[in-house]
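Add 252 to the 1-based position in the sequence shown for the working numbering, that's all there is to it.
Report on the following structure.
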Amino acid sequence: MRLATIRHNGIYATAVILPDGSALLLADAARAAGLPNAAYGSMQSLIEAGDAGLNAVRALVANAGALDNARVEGGKVVLAAPLPRPAKNVFCVGRNYAEHIAEGERAQNIKVGITEHPVFFTKPATSVVGPGGSVLLFSHISQQIDYEVELAVIIGKAGRDIRPESAFDHVYGYTILNDVTARDVQRRHGGQYFKGKGLDTSCPMGPWIVTADALPSPGDLGIRIRVNGELRQNGNTSAMIFNIPTLIASLSEGLTLEPGDIIATGTPAGVGYAMNPPRFLQHGDVVECEIDGIGKLSNSFATAPAPGGSV
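Below, the structure written as structure tokens:
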């Protein structure tokens, strides 16, 4: 299933995107079916409902033809990020594709190599923006905004010290994430990731969550990005250095993963800063991320207002 958060009547609503592109509003559908609808108030609450929640959603989808009043026509569906305001920072993985490491070494004339353990960092909840939303270019602090398409894993079952062989038992589903990065800010702050990757709107996410049962082979998916229609990144998740079970096992060592947690799994080669000459994003650019079996995430980039005002 494709589970989405949409904007409907001025608020967020949790929905299933049906094969015809229409959206079944889960709270409205549950109400019409005489079912308790508290679990459908948000994507977070739906994820926390676990398998029972998913089974109830499947029953509603099977009866969607009788629930027209709970449907939004495809042309009127306005998607938001699946988790518009995650409960915790988004977990991210750096240097997880060998060709991306190699292009970075060439661009910076340094030798990094493959690390023994995964490299983790986070992006704050304030960085999340949904499909079609504008990504802000803060020209007063950065002239080097870059893109990174990534497969993101959504945790559905809590766990700590998760074994690799049990890792997929904790996965709820998958979405697409663009790890937008201010390269000059990253270098300015000693090369550490958080500041350069944590700017507002620097985490486009969507278009929806594809449940784990609908994407049985997440370790073998085409993953690509286009800038203004030009193909820049074109890889496959099979090229990950640390696969999804390894990432979950490593991250959960002594650290509890909870329902709704998001793990971005790294990006393949083809980023802008490693091109010769480097090609960074500009006002008006449109970036389209695509992962087979999930869909497309498109965002435009726009210069932010001059500093001095409040949000």
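Backbone N, C-alpha and C fix where the C-beta goes; we use that ideal spot for every residue, glycine too.
Bear in mind that the values here come from a model prediction, so they are computed numbers and not experimental data.
Thinking residue i and residue j are a contact (beta carbons under 8 Å), I'd like their distance in whole angstroms, please.
i, j, result
"Ala-281", "Leu-312", "5 Å"
"Ile-258", "Tyr-426", "Not really, about 19 Å apart at Cβ, beyond 8 Å."
"Thr-453", "Ser-394", "Rounded, the Cβ-Cβ distance is 13 Å, inconsistent with contact."
"Glu-325", "Val-523", "Not confirmed; about 38 Å, so no contact."
Report the three-state DSSP secondary structure of residue i (helix, strand or coil).
i, result
"Ser-567", "Residue 567 lies beyond the stretch modelled for the chain, which goes from 253 to 563, so this question has no answer here."
"Asn-426", "Reading the sequence as shown, one finds Tyr at residue 426 and not Asn. Strand."
"His-260", "strand"
"Val-313", "helix"
"Val-437", "helix"
"Ser-394", "coil"
"Tyr-349", "strand"
"Pro-376", "coil"
"Phe-420", "helix"
"Leu-242", "With the chain covering 253 to 563 only, the question about residue 242 has no answer from this structure."
"Asn-361", "coil"
"Ala-404", "strand"
"Lys-548", "strand"
"Gly-327", "helix"
"Glu-300", "helix"
"Pro-530", "coil"
"Leu-270", "coil"
"Gly-411", "strand"
"Leu-306", "helix"
"Gly-540", "Per the sequence presented here, residue 540 reads as Glu, with Gly not at that position. Glu-540 falls in the strand class under three-state DSSP."
"Ile-515", "strand"
"Pro-336", "coil"
What does the Cβ neighbour count give for residue i, buried or exposed, with the cut at 16 atoms within 10 Å?
i, result
"Asn-480", "exposed"
"Lys-449", "buried"
"Asp-398", "buried"
"Asp-513", "buried"
"Arg-323", "buried"
"Asp-431", "buried"
"Thr-433", "buried"
"Gly-474", "exposed"
"Ile-428", "buried"
Roughly how many angstroms separate the alpha carbons of residue i and residue j, rounded to a whole number?
i, j, result
"Leu-389", "Lys-375", "17 Å"
"His-535", "Thr-266", "32 Å"
"Asn-307", "Ala-332", "24 Å"
"Val-268", "Leu-276", "5 Å"
"Leu-533", "Phe-372", "25 Å"
"Leu-499", "Ala-318", "42 Å"
"Glu-482", "His-369", "34 Å"
"Pro-564", "Val-381", "This structure cannot settle anything about residue 564, because the visible part of the chain is limited to 253 through 563."
"Ile-406", "Ser-274", "23 Å"
"Ser-386", "Asp-537", "10 Å"
"Ala-558", "Met-253", "42 Å"
"Gly-305", "Arg-435", "41 Å"
- Entirely within the segment 442-494 and at least 3 residues each: give me those beta strand (DSSP E) ranges in chain order. 455-463, 474-479, 482-488
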